[in-house]
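Trainee:
Protein chains: 2
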Amino acid sequence: MESQDLRKAGLKVTLPRLKVLEILETADHRHLSAEDVYKAMLEMGEEIGLATVYRVLTQFEGAGLVSRLSIEGGHAVFELEDGSHHDHLLCVRCHRIEEFVDEVIEQRQQVIAAEKGFEMTDHSLYIYGVCKHCQKEK
Amino acid sequence: MESQDLRKAGLKVTLPRLKVLEILETADHRHLSAEDVYKAMLEMGEEIGLATVYRVLTQFEGAGLVSRLSIEGGHAVFELEDGSHHDHLLCVRCHRIEEFVDEVIEQRQQVIAAEKGFEMTDHSLYIYGVCKHCQKEK
DNA sequence: GTGTAAATGAGAAGGATTTTCATTTATATT
DNA sequence: AATATAAATGAAAATCCTTCTCATTTACAC
Numbered sequence: 038m039e040s041q042d043l044r045k046a047g048l049k050v051t052l053p054r055l056k057v058l059e060i061l062e063t064a065d066h067r068h069l070s071a072e073d074v075y076k077a078m079l080e081m082g083e084e085i086g087l088a089t090v091y092r093v094l095t096q097f098e099g100a101g102l103v104s105r106l107s108i109e110g111g112h113a114v115f116e117l118e119d120g121s122h123h124d125h126l127l128c129v130r131c132h133r134i135e136e137f138v139d140e141v142i143e144q145r146q147q148v149i150a151a152e153k154g155f156e157m158t159d160h161s162l163y164i165y166g167v168c169k170h171c172q173k174e175k
Numbered sequence: 038m039e040s041q042d043l044r045k046a047g048l049k050v051t052l053p054r055l056k057v058l059e060i061l062e063t064a065d066h067r068h069l070s071a072e073d074v075y076k077a078m079l080e081m082g083e084e085i086g087l088a089t090v091y092r093v094l095t096q097f098e099g100a101g102l103v104s105r106l107s108i109e110g111g112h113a114v115f116e117l118e119d120g121s122h123h124d125h126l127l128c129v130r131c132h133r134i135e136e137f138v139d140e141v142i143e144q145r146q147q148v149i150a151a152e153k154g155f156e157m158t159d160h161s162l163y164i165y166g167v168c169k170h171c172q173k174e175k
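Residue numbers (our numbering), protein chains in the order written: chain D, 38 to 175; chain L, 38 to 175.
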C-alpha cells in the first residue's frame with residue numbers, strides 16, 4: 038500500500054524506506070526528528086545509518102509524503118503529510134506539538150502579502166506557549 | 038547614549054559592544070546575520086573575533102536590545118529592537134526582509150492559543166514569497 | 001539469472017554557533 | 001592615579017545538526 042507511494046515518487050521500494058514510513062505512521066506522536074526516527078529504527082531492531090534517515094526523509098519531503106517543520110532552535114521535525122495544511126502550537130516546556138488551522142489568519146496573510154507586493158509562496162507560523170498539561174504541573 | 042543601555046543591561050561598556058551597536062544602527066538594512074556584523078566590523082577597520090560577535094548579539098538579545106529571527110534554512114538574523122512587535126515577509130529570491138503588523142492575526146493567535154489551552158508566550162510568523170523587485174526581473 | 005542504476009552505511013566534511021582558556025580590559029576600590 | 005578583580009575578548013577547538021563521499025549492496029528491468 039505504501040509501496041505504491043514510493044514507486045509513484047520514483048523511489049525504489051527498500052526496507053529502510055518502508056520502515057521509516059512505518060515509524061512515521063505508528064509513532065505515538067506525529068512529529069519526529071531525524072534522530073527520533075533513527076532511534077526508533079534501532080529500537081525496532083532494524084539496522085540503519087543516520088545518513089539514510091536524513092536522505093529518506095528529505096526524499097519523502099520532495100515526494101510530498103512528509104513535511105518538514107523548521108522550529109526555532111535547531112533541528113528539523115518531520116510529520117506525515119495528510120494533505121491538510123495546518124500550523125503549529127508548541128509547548129515550550131514539554132515540546133508537545135499541536136496543530137491548528139485558521140481561515141482568518143490564512144486570508145489575512147494573503148492580504149498582507151498583496152499589500153506588500155509579494156507573491157506569497159509559503160508561510161510558517163508557530164505559536165509558542167505552555168500547554169494545558171504543563172500549566173497544571175506548577 | 039548607548040553606553041547607558043549597556044550599563045543598564047549589566048554589561049561593561051567595551052569597544053566591541055559599542056561598535057556592534059553602531060553597526061546595527063547604521064547598517065543599510067535592518068536585518069543582519071552574525072557574519073554580516075562581523076564583516077562590517079572588519080570593513081570598518083575594527084578587529085573583532087566572530088565568537089565575540091555571537092556572544093555580544095546573544096547578550097543584546099537577552100538585554101532586549103536586539104531580537105533574533107529564526108529563518109528557515111540555517112543562520113540567525115538580528116535586528117535592533119524598537120519596542121514594536123512585528124512579523125516578517127521574506128523574499129525567497131533576494132532575501133529582502135520586510136516587516137508588518139496585523140492586529141487581526143495577533144488577536145486570532147490569542148484566540149487559538151486559548152482554545153487549545155495554551156498560555157501563549159510568543160509566536161513566530163514568516164510569510165515567504167517573491168518581492169516586487171524580483172517579480173519584475175523575470 | 002544478470003546488468004545497471006539507484007540506495008545504503010560509515011565516516012568524513014560542512015556550516016553555524018558555542019565553548020574553552022589564556023590574555024586583556026573596564027570599572028570599583030584604594 | 002595605581003591596583004585589584006571580575007568580566008570580556010580572541011583564537012582555536014568543540015559541538016550540533018545535516019549533508020556529502022565513496023565503496024558496497026540492493027531493487028528491479030530485461
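Just so you know, even glycine gets a beta-carbon here, dropped at the ideal spot from N, CA and C.
1. What three-state label does DSSP hand Cys128 (chain D) in the structure shown?
2. Look at the alpha carbon of Ser70 (chain D) and the alpha carbon of Thr95 (chain D), and state the distance between them as a whole number of angstroms.
3. Hey, is the stretch 51–60 of chain L in contact with the stretch 75–85 of chain L, meaning 3+ C-beta pairs nearer than 8 Å?
4. Comparing C-alpha positions only, which one of D:Phe155, D:His66, D:Cys171 sits nearest to Lys173 (chain L)?
5. Which chain L residues are close to Gly163 (chain D), counting only those with a beta carbon under 7 Å from its beta carbon?
6. Within the continuous alpha helix (DSSP H) that includes Gly166 (chain L), where are the two ends?
7. Identify every residue that forms a DSSP beta bridge with Leu69 (chain L).
8. Which residue comes first and which comes last in the alpha helix (DSSP H) that contains Ile60 (chain D)?
9. Could you give the DSSP three-state label for Val103 (chain D): helix, strand or coil?
10. Given Leu48 (chain L), which residues of its chain have a CB within under 8 Å of its CB, disregarding the five upstream and five downstream residues?
11. Tell me whether Glu62 (chain D) is buried or exposed, calling it buried when 16 or more other Cβ atoms sit within 10 Å of its Cβ.
12. His68 (chain L): buried (16+ other C-beta within 10 angstroms of its C-beta) or exposed?
13. Would you mind reading off the limits of the alpha helix (DSSP H) that contains Ile149 (chain L)?
14. Within a Cβ cutoff of 7 Å, which residues of the same chain sit near Ala64 (chain D), ignoring the five residues on either side of it in sequence?
15. Is there at least one Cβ from chain D nearer than 8 Å to Ile60 (chain L)'s Cβ?
16. Given Ile108 (chain D), which residues of its chain have a CB within under 7 Å of its CB, disregarding the five upstream and five downstream residues?
17. For a quick check, are the C-beta atoms of Met157 (chain L) and Gly166 (chain D) less than 8 Å apart?
18. For Glu39 (chain D), which three-state DSSP category applies?
19. Count the other CB atoms within 10 Å of the CB of Glu116 (chain D); is the residue buried (16 or more) or exposed (fewer)?
20. In its own chain, which residues sit with a C-beta less than 7 Å from the C-beta of Asp139 (chain L), not counting the 5 before and 5 after it?
21. Return the residue from the list D:Glu135, D:Ser121, D:Ala150, D:Glu136 that minimises the CA-CA distance to Ile134 (chain L).
22. Does Glu80 (chain L) come out as helix, strand or coil in the three-state DSSP assignment?
23. For His132 (chain D), count neighbouring C-beta atoms within 10 Å of its own C-beta (all shown protein chains included) and say buried if the count is 16 or more, exposed if not.
24. Three-state secondary structure (DSSP) at Glu136 (chain L)?
25. Counting contacts by CB-CB distance shorter than 8 Å, is Leu126 (chain D) in contact with chain L?
26. When we look at the beta-carbon of Gln146 (chain D) and count the other beta-carbons within 10 Å, is it buried (16 or more) or exposed?
27. Report the rounded CA-to-CA distance for Ala46 (chain L) versus Tyr91 (chain L), giving the unit in angstroms.
Mentor: In terms of the structure at hand:
1. Mapped onto the first sequence, residue 128 (chain D) falls at position 91. In the structure shown, Cys128 (chain D) sits in a strand (DSSP, three-state: E or B).
2. On the first sequence, position 33 is the one that residue 70 (chain D) refers to. On the first sequence, position 58 is the one that residue 95 (chain D) refers to. Roughly 12 Å between the two C-alpha positions.
3. yes
4. Start at 1 with the first residue of the second sequence, and residue 173 (chain L) comes out as number 136. It is D:Phe155.
5. Here residue 163 (chain D) refers to the residue found at position 126 of the first sequence. Correcting the residue type first, residue 163 (chain D) is Tyr in the shown sequence and not Gly. By Cβ distance, chain L contributes His160, Ser161.
6. The residue labelled residue 166 (chain L) in the question sits at position 129 within the second sequence. It is not in any alpha helix (DSSP H) - Gly166 (chain L) instead sits in the beta strand (DSSP E) that spans 156–167.
7. In the second sequence, counting from the first residue as 1, residue 69 (chain L) sits at position 32. Per DSSP, L:Phe115.
8. Against the first sequence, residue 60 (chain D) aligns to sequence position 23. From DSSP, the alpha helix (DSSP H) with Ile60 (chain D) extends over 52–63.
9. Mapped onto the first sequence, residue 103 (chain D) falls at position 66. DSSP places Val103 (chain D) in strand when its eight states are reduced to three.
10. Counting from one through the second sequence, the residue named residue 48 (chain L) turns up at place 11. For Leu48 (chain L), where only same-chain residues beyond five positions count, the Cβ hits under 8 Å are Arg54, Gln96, Ala100.
11. As a working note, residue 62 (chain D) is residue 25 in the first sequence. Exposed, since its Cβ has fewer than 16 Cβ neighbours within 10 Å.
12. Residue numbering aside, residue 68 (chain L) sits at position 31 when the second sequence is read from its first letter. The residue in question, His68 (chain L), is buried, as its Cβ has 16 or more Cβ neighbours within 10 Å.
13. Locating residue 149 (chain L) in the second sequence gives position 112, counting from the first residue. Unbroken alpha helix (DSSP H) run through Ile149 (chain L): 140–152.
14. Locating residue 64 (chain D) in the first sequence gives position 27, where the first residue counts as 1. Within the same chain, Ala64 (chain D) has close Cβ partners Ala77.
15. As a first step, residue 60 (chain L) must be located in the second sequence, where it is residue number 23. Closer than 8 Å: no.
16. Taking the first residue of the first sequence as 1, we reach residue 108 (chain D) at position 71. The residues are Val114, Leu127, Tyr163.
17. Walking along the second sequence from the start, residue 157 (chain L) turns up at place 120. Walking along the first sequence from the start, residue 166 (chain D) turns up at place 129. Yes, they are a contact pair.
18. As a first step, residue 39 (chain D) is located in the first sequence; it is residue number 2 there, counting from the start. Three-state DSSP puts Glu39 (chain D) in a helix.
19. Residue mapping note: residue 116 (chain D) aligns to position 79 of the first sequence, counting from 1. It is buried - the Cβ of Glu116 (chain D) has at least 16 other Cβ atoms within 10 Å.
20. Taking the second sequence and counting its residues from 1, one reaches residue 139 (chain L) at position 102. Counting only Cβ-Cβ distances below 7 Å, and skipping sequence neighbours, we find nothing.
21. For the purposes of this step, residue 134 (chain L) is taken as residue 97 along the second sequence, with counting starting at 1. Ranking the options by Cα distance to Ile134 (chain L), first place goes to D:Ala150.
22. For this step, residue 80 (chain L) is matched to residue 43 along the second sequence. Glu80 (chain L) falls in the helix class under three-state DSSP.
23. Against the first sequence, residue 132 (chain D) aligns to sequence position 95. Exposed, because fewer than 16 other Cβ atoms sit within 10 Å of the Cβ of His132 (chain D).
24. Translated into the one-based positions of the second sequence, residue 136 (chain L) becomes position 99. Looking at Glu136 (chain L) - three-state DSSP - the assignment turns out to be strand.
25. Here residue 126 (chain D) corresponds to residue number 89 of the first sequence, with the count starting at 1. Yes, Leu126 (chain D) lies at the interface with chain L (some Cβ there is under 8 Å from its Cβ).
26. Locating residue 146 (chain D) in the first sequence gives position 109, counting from the first residue. By the neighbour-count rule (16 or more Cβ atoms within 10 Å), Gln146 (chain D) is buried.
27. Your numbering for residue 46 (chain L) matches position 9 in the second sequence. Your numbering for residue 91 (chain L) matches position 54 in the second sequence. If you take the alpha carbons of Ala46 (chain L) and Tyr91 (chain L), they lie about 17 Å apart.
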